[in-house]
Ligand code: PHE
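Numbering (this note's numbering), first residue to last: 54 to 501.
Have a look at this one:
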């Protein structure tokens, strides 16, 4: 049998999983979703979802992945031989391709802004300048598609080089740098005139904003941001060594990921209020606020270039992890070479990605239930497929998988003490599935 790759060190394993989790989901999607869904109500629900559903679901994926060292479908088959349960993993594989497609479009926007920043065409201006600049860009079919295509090709090159060399090295250097830079911008935003209003929007509890839409959105955001429910963490954990502490890693990921999202909020909302913008602007919000933040600082050029460059790398570590799901699947289930599997993954994402890129311009009339293709892929995968996938993994590990096997994984064969095992299993078996179900029922308008 072919030797399977492994992350070289425990730190490398954490860095790569955090690299997958931290990305545009935190810095682009969280602020705009929170902005559209009433700020604090969204934040509270999002954090509750991370704790009650997120952590147990991450552990469930880790137990399956590290316990079997296989791709998602093979892993589930190994743990439930003769049952056709691995079918339940297919929607996740489809979702990984859908997400890769629309995510690459936004990565393309980052590349455009990085270019504009370097070339000096993105420079100090008024808010309407930034708005005009962005609107003109997304409506330009050629430029948007070109960046999407180039980004996907670059992603392919990195992914083809394999797990250890490609992913680990990039993640370990770039993530701490991005964190530092965010910290600087948070401090800067806290000194702005709109700081009080911005913080109030994000942190002052206002339950009148709590609607079914907000609940579904917050749960979807928790899943999206943690790279959860589509077997991404399962696939990465299949590269973990047997002494990697699973529960500790799950907590570190949940903590760091939520921290980065909140930092992005603290950086964006005070600025939104200071510049007199609306928090509800949607997917374009961050692209209009960020330049305003950078260029009101001394040395705006340097800040802009640095930030977009780091955000670019953070997004790349996320797209690498999305690609890894279907590539490992194609490789191991259909005996494809890595090169072929990578081409197939990229080919699908190229077609769908370009369609998403065009949905802001020439294809903006192609809608389903009022959603453009870009919005549809995002909504269906984040808010529906991912939570259902998460539900499957917690139920599978909580009820189906052999208890000794699960215990062995949680304690690394008895070498770790696990005081939280009882509550964790309780969450996996009852609390997390019930919470997901409740949010769905509420979201569909069947409750309350
Ligand atoms: N979690 C990533 C982010 O926040 C996005 C992602 C989703 C990555 C699903 C992998 C799988 O940017």
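Beta carbons: idealized from backbone N, C-alpha and C, even for Gly.
On a predicted model such as this, the values are computed, not experimentally measured, just so you know.
Residue i: CB within 7 Å of a non-hydrogen atom of ligand 1
i: residue 360; result: no
i: residue 277; result: yes
i: residue 245; result: no
i: residue 158; result: no
i: residue 284; result: no
i: residue 75; result: yes
i: residue 375; result: yes
i: residue 163; result: no
i: residue 380; result: no
i: residue 417; result: no
i: residue 2; result: The requested residue 2 does not occur in the structure, where the chain is confined to residues 54 to 501.
i: residue 152; result: yes
i: residue 327; result: no
i: residue 79; result: yes
i: residue 291; result: no
i: residue 280; result: yes
i: residue 412; result: no
i: residue 181; result: no
i: residue 371; result: yes
Exposure label - residue i; buried when at least 16 CB within 10 Å
i: residue 493; result: buried
i: residue 143; result: exposed
i: residue 515; result: Nothing can be reported for residue 515: it is not among the residues displayed for the chain, which extend from 54 to 501.
i: residue 513; result: Because the chain spans 54 through 501 in this model, residue 513 falls outside it and cannot be assessed.
i: residue 228; result: buried
i: residue 54; result: Note that residue 54 scores a pLDDT of 43, beneath 50, so its modelled location is shaky and nothing firm can be said.
i: residue 436; result: buried
i: residue 476; result: exposed
i: residue 453; result: exposed
i: residue 390; result: exposed
Length of the line joining the Cα atoms of residue i and residue j
i: residue 183; j: residue 132; result: 53 Å
i: residue 234; j: residue 347; result: 12 Å
i: residue 373; j: residue 212; result: 6 Å
i: residue 312; j: residue 335; result: 21 Å
i: residue 173; j: residue 343; result: 15 Å
i: residue 478; j: residue 121; result: 20 Å
i: residue 466; j: residue 457; result: 9 Å
i: residue 249; j: residue 307; result: 27 Å
i: residue 271; j: residue 93; result: 11 Å
i: residue 69; j: residue 59; result: 12 Å
i: residue 412; j: residue 403; result: 14 Å
i: residue 198; j: residue 165; result: 11 Å
i: residue 495; j: residue 483; result: 18 Å
i: residue 326; j: residue 202; result: 35 Å
i: residue 237; j: residue 473; result: 36 Å
i: residue 399; j: residue 447; result: 30 Å
i: residue 365; j: residue 240; result: 22 Å
i: residue 111; j: residue 102; result: 12 Å
i: residue 127; j: residue 352; result: 52 Å
i: residue 489; j: residue 155; result: 25 Å
i: residue 397; j: residue 161; result: 20 Å
i: residue 137; j: residue 130; result: 8 Å
i: residue 105; j: residue 297; result: 23 Å
i: residue 264; j: residue 273; result: 14 Å
Residue span of the alpha helix (DSSP H) that contains residue i, given as start and end
i: residue 70; result: 63 to 74
i: residue 184; result: 180 to 191
i: residue 470; result: Neither: residue 470 is in no alpha helix (DSSP H) and is coded neither H nor E.
i: residue 410; result: 391 to 411
i: residue 202; result: 194 to 213
i: residue 149; result: 143 to 172
i: residue 111; result: 108 to 121
i: residue 381; result: 353 to 386
i: residue 262; result: Premise fails: residue 262 is in no alpha helix (DSSP H) and is neither H nor E.
i: residue 131; result: 125 to 132
Identity of the residue in the options nearest residue i by Cα
i: residue 304; options: 147, 58, 100; result: 100
i: residue 252; options: 390, 91, 153, 77; result: 91
i: residue 8; options: 277, 314, 361; result: The first residue shown for the chain is 54 and the last is 501, placing residue 8 beyond what the model contains.
i: residue 32; options: 144, 277, 190, 123; result: Any question about residue 32 goes unanswered here, given that the chain covers just 54 to 501.
i: residue 355; options: 418, 98, 175, 249; result: 175
i: residue 276; options: 300, 495, 73; result: 73
i: residue 192; options: 337, 293, 284; result: 337
i: residue 181; options: 470, 330, 388; result: 330
i: residue 255; options: 473, 127, 322; result: 322
i: residue 147; options: 268, 383, 416; result: 383
i: residue 267; options: 96, 369, 368; result: 96
i: residue 189; options: 485, 232, 415; result: 415
i: residue 107; options: 485, 424, 269; result: 485
i: residue 36; options: 394, 57, 258, 392; result: There is simply no residue 36 to check, as the chain begins at 54 and stops at 501 in what is shown.
i: residue 316; options: 83, 178, 66; result: 83
i: residue 441; options: 151, 471, 281, 231; result: 281
i: residue 292; options: 80, 76, 115, 487; result: 115
CB contact below 8 Å: residue i versus chain D
i: residue 107; result: Included in the structure is just one protein chain, with no chain D present.
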